[in-house]
Amino acid sequence: MSTDELCYAGIRELSGLFRRRELGPVDYATDLLRRIETLDKTLNAYVTVTAERALADARAAETALARGDAGPLTG
């Protein structure tokens, strides 16, 4: 699935991808941050992008998924 398709994926689909380890939260966050960087030059939709925080949260989600104690909305 491409980044363009993933940006429209629902939480159920993303959760399944994360839990089956077909996609990692860090990879997904990185792809979305790259998309924001590319598109926001035209859209100017974001006042502040907290990339470091997004990646830290994604790393924490990956750790929780790997431990098996992730909640239903983790990722």
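Residues are numbered in this note's numbering as their position in the sequence shown, beginning at 1, plus a constant of 7.
The C-beta atom is built at its ideal place from N, Cα and C for all residues, glycine as well.
Apart from the five residues just before and just after P32, which ones in its own chain have a Cβ nearer than 7 Å to its Cβ? Scanning its chain for C-beta atoms nearer than 7 Å, with the 5 sequence neighbours on each side dropped, one finds around P32 the residues F25, A65, A68, E69 and G82, in chain order.
If you reduce the DSSP assignment to three classes, tell me which class T55 lands in. In this structure, T55 counts as coil in the three-state DSSP scheme.
For Y15, tell me which candidate among R42, E29 and R28 has the shortest Cα-Cα distance. Taking the Cα of Y15 as reference, the smallest distance to any Cα among R42, E29 and R28 is reached at R42.
Please look up how many angstroms separate the CB atoms of D38 and L13, rounded, as I've assumed it's under 8 Å. The pair is a contact, with the Cβ atoms about 7 Å apart (cut-off 8 Å).
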